[in-house]
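Down below is the structure, laid out as structure tokens.
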Amino acid sequence: MEKISTIRKNFKNRLELLPSLPGVYIFKDLNDVVIYIGKATNLKKRVSSYFHTNSVDSRIEHLKHNINDFDINITSNQNNALLLESSLIKKFQPKYNIRLKDDKSYPYILIDLNEDFPKIKFTRNIVIQNKSNIKIFGPFSKVKDVRKTIDVLSKLFPYCTTHVKRCVQPCVNACTKDEYDQIINQIISFLGGDHDYIISELNEEMNTASKNLMFERAVRLRDQINSINEFYNLSNSKIKDINRIDYIGFTIKKDIASFQLFESKYTHITNTFKFIMEGVSNYTHKDIISAFINQYYLQKHDKPNIIILPIFPNFKQLNSDFLKSNNKKIKFKIPMIGEKKRILNLAIENSKYNIDHKKQTVSDNKKTLEILKEKLLLNNIPKRIECYDISNIQGSNPVGSMVVFEDGLPSKTEYRRFKIKSVNQINDYMMMQEMLHRRLLRLKSERDNKPPDLILIDGGKGHLSASFQVLKDLEMENIPIASIAKKFEYIYIPYINEPLDITKLSKEGILLQKLRNEAHRFAIEYHRKLRSKNSLEHPLQNIKGIGPIILNRLLIKYKSLEILKNIKFDELITVKGINKSLANHILIELQK
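Residues in the sequence shown are numbered from 10 upward in steps of one, following my numbering.
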């Protein structure tokens with residue numbers, strides 16, 4: 010329980026901020042990787058419970074010990090939370106969520122218009138190649154909602170059913186195909202959201218029946234109207250529009266604007282995004298929303314058909330070139346009532362929480378940096394920390410990375426990559442020295458006016474000593490430096506042999522680990538990119554007929570060009586994708 014107690018202490022203020030509302034919570038590990046997604050009727054109660062109670066489930070206990078951060082999305086009810094949870098699990102594939110490859114999806118209603126007399130069907134499978142003549146409605150959060158809906162439809166409309174009293178089956182010549190098609194079109198309109206017309210028609214029929222003293226028929230029509238209203242209430246959480254819709258809610262406090270964006274696709278919210286914009290105090294709300302739209306949709310490929318928001322942007326400021334979806338201009342709407350208004354309000358509610366969460370995070374980070382200042386014996390608070398790492402495999406394609414955290418948060422625009430140039434041997438110390446020398450030389454020559462308040466090196470005493478020597482050689486010992494050793498997460502500084510009193514579970518220890526892990530990730534990402542690029546430049550690819558797939562098969566099987574030059578024709582044609590003609594061509598080219 011030590012780790013869980015420590016996390017609970019670190020999260021104390023943020024847990025108090027959580028609303029007692031339904032929604033989805035997202036747990037992340039030390040590398041900001043999503044490890045678990047869950048739903049809750051009460052977010053405050055549910056998320057807090059992870060840090061207060063023991064579980065007999067070993068998987069849950071293991072999850073608890075790996076939680077380093079969390080996020081939430083508020084929803085209007087538990088059913089919406091369930092649907093959003095499913096979408097996010099499919100997106101992130103968290104390791105602690107149970108995801109079977111053959112898991113069943115949510116239920117839908119399907120009408121196949123390719124049939125002569127279409128039926129109203131229950132289905133879980135909407136992965137259909139040709140949907141052009143198939144109508145799909147949903148998803149529903151519960152199977153019983155679909156069953157009840159189909160039952161209501163069978164009462165409302167006399168389509169093909171086994172209930173003889175309501176049946177107009179073509180098999181008994183109770184209706185013509187045109188009459189049946191008309192009924193199906195009414196059902197499609199109804200499921201598509203056109204309830205007013207149907208209710209109006211039934212009300213008129215009910216009033217006529219009542220005036221003519223046909224009370225039994227009037228009662229039956231009244232029950233049908235009640236059934237429609239009941240169905241509509243079941244569907245309140247479903248978006249009726251078949252368009253791709255983005256909902257943008259925002260909240261502004263002083264110099265910060267918080268944005269919450271919901272993506273809606275195929276009738277339900279499929280994704281959520283949070284954004285913070287700073288430096289907004291001297292701008293109008295129209296200017297701020299216009300700036301957000303321009304920046305967000307500039308590089309967005311899958312654009313919506315409609316954007317729902319609380320106020321219109323300044324259209325003169327928008328870049329019309331990229332505000333198009335499927336070659337059509339994106340529409341902007343401000344809903345006043347109804348389902349879209351409810352979802353927009355939910356986005357605004359989330360943005361309010363996000364800005365409070367941001368302020369609390371900044372406050373927590375400030376306290377952590379103050380502690381770090383004392384523990385590392387620094388003169389100033391380390392607002393800007395640069396962390397360095399080296400990545401190479403047996404000396405090949407050696408690269409270095411520099412990541413930057415400002416005020417305890419990643420500043421990704423400041424990240425830098427280094428291709429090691431002068432070191433031709435496997436020597437991490439020398440590679441680190443080259444990278445650091447190049448960075449500090451640029452700083453010293455005043456080509457860069459952002460000096461770090463702290464340099465953090467991935468490594469132990471040896472890496473620290475080699476890196477500190479660079480500072481001395483450049484007469485820049487005034488810049489504080491420390492290192493973090495992987496095995497026990499020990500923190501070292503110059504002139505002190507023993508590790509500092511910074512435990513790996515403390516806030517300051519976790520911050521330094523985040524820096525190191527981010528530098529490691531960034532370096533490996535660059536190293537893989539270079540290896541991939543070099544593999545594409547392999548001499549074998551100069552041979553006509555050998556693409557990346559066949560090249561990969563040859564290299565896996567034969568390892569090198571020298572081995573390939575000595576293989577026989579009969580053996581070469583056993584490689585998948587190589588026929589006799591290509592095999593002959595390869596052998597001829599290899600002998601040149």
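All C-beta atoms in this analysis are idealised placements derived from N, C-alpha and C, irrespective of residue type, glycine included. Since the model is a prediction, treat every value here as computed from it, not as a measurement.
With a 10 Å radius around its C-beta and 16 neighbouring C-beta atoms as the bar for buried, classify THR377 as buried or exposed. With 16 or more other Cβ atoms within 10 Å, it is buried.
Taking only three categories from DSSP, how would you classify ILE272? As written in the sequence, residue 272 is Glu, which differs from the Ile given in the question. It is a strand residue.
DSSP has GLY467 in a bridge; who is on the other side? Residue identity check: residue 467 is Asp in the sequence provided, not Gly. Beta-bridge analysis with DSSP links ASP467 to ILE493.
Counting pairs of beta carbons, one from the stretch 354–364 and one from the stretch 290–298, are three or more of them closer than 8 Å? Segments in contact, no.
Can you pull the DSSP bridge partners for ASP78? In the DSSP assignment, the residues bridged to ASP78 are LYS37.
Just to confirm, is the Cβ distance from ALA494 to GLY468 under 8 Å? Yes; because the gap between Cβ atoms is below 8 Å, this pair is in contact.
Does the separation of the CB atoms of LYS6 and LEU483 fall below 8 Å? Lying outside 10 to 601, the shown extent of the chain, residue 6 is not represented and no answer is given.
For the alpha helix (DSSP H) containing THR1, list its first residue and its last residue. With the chain represented from 10 up to 601, any question about residue 1 goes unanswered, as that position is not in the structure.
Take ILE352 as the anchor and find which of MET411, TYR45 and PRO319 has the nearest alpha-carbon. Nearest neighbour of ILE352 by Cα position, chosen from MET411, TYR45 and PRO319, turns out to be PRO319.
Using only alpha-carbon positions, find the residue among LEU270, LYS566, ASN374 and ASN82 that is nearest to ASN22. If we check each option's Cα against that of ASN22, ASN374 comes out closest.
Simplified DSSP assignment, three categories, for ASP121: Secondary structure at ASP121: strand, using DSSP grouped into helix, strand and coil.
Quick check: the Cα distance between LEU332 and GLY347, rounded to an integer number of angstroms? When only Cα atoms are considered, LEU332 and GLY347 end up about 26 Å apart.
If the criterion is Cβ atoms closer than 8 Å, does the pair TYR424 and VAL413 meet it? A contact, by the Cβ cut-off of 8 Å.
Give the straight-line distance between the Cα atoms of LEU195 and GLY288, rounded to the nearest whole angstrom. Note that residue 195 corresponds to Gln in the displayed sequence, not to Leu. Going by the C-alpha atoms only, they are around 53 Å apart.
Got a sec, what are the start and stop residues for the alpha helix (DSSP H) GLY347 sits in? Annotation: the continuous alpha helix (DSSP H) that includes GLY347 extends over 347–384.
Thinking C-alpha only, which one of LYS130, ASN106, ASP121 and GLY47 is nearest ASN89? Minimum Cα distance to ASN89 is reached at GLY47.
DSSP puts GLY518 in a beta bridge; with which residues? The partner list for GLY518 (beta bridge, DSSP) is empty, contrary to what the question assumes.
Using the three-state DSSP reduction, which class does SER324 fall into: helix, strand or coil? Before going further, note that residue 324 is Phe rather than Ser in the sequence given. Reduced to three states, the DSSP call for PHE324 is helix.
Just list the residues that DSSP pairs GLY258 with in beta bridges. GLN269, per the DSSP bridge assignment.
Compute the Euclidean distance between the alpha carbons of LYS312 and LEU222, then round it to the nearest angstrom. Spanning the two alpha carbons is a distance of roughly 56 Å.
Can you look up ASP398 in the DSSP assignment and give me helix, strand or coil? Strand, per DSSP.
Tell me the DSSP secondary structure of THR170 in three-state form. With a pLDDT of only 49 at THR170, under 50, the local geometry of the prediction cannot be trusted, and no value is derived from it.
First and last residue of the uninterrupted beta strand (DSSP E) at LYS566: Element bounds for LYS566: not the beta strand (DSSP E) but the alpha helix (DSSP H), 557–567.
Where does THR217 land, buried or exposed, given buried means 16+ other C-beta within 10 angstroms? Looking at its Cβ environment, which holds fewer than 16 other Cβ atoms inside 10 Å, THR217 is exposed.
Out of PRO503, ASN303, ILE519 and ASN82, point me to the one whose CA is closest to LYS325's CA. The alpha carbon of LYS325 has as its nearest neighbour, out of PRO503, ASN303, ILE519 and ASN82, the alpha carbon of ASN303.
What does the alpha-carbon distance come out to for the pair LEU465 and ASN75? Put simply, the backbone Cα of LEU465 is about 24 Å away from that of ASN75.
Environment of TYR504 [buried if 16+ CB atoms lie within 10 Å]: TYR504 should be labelled exposed.
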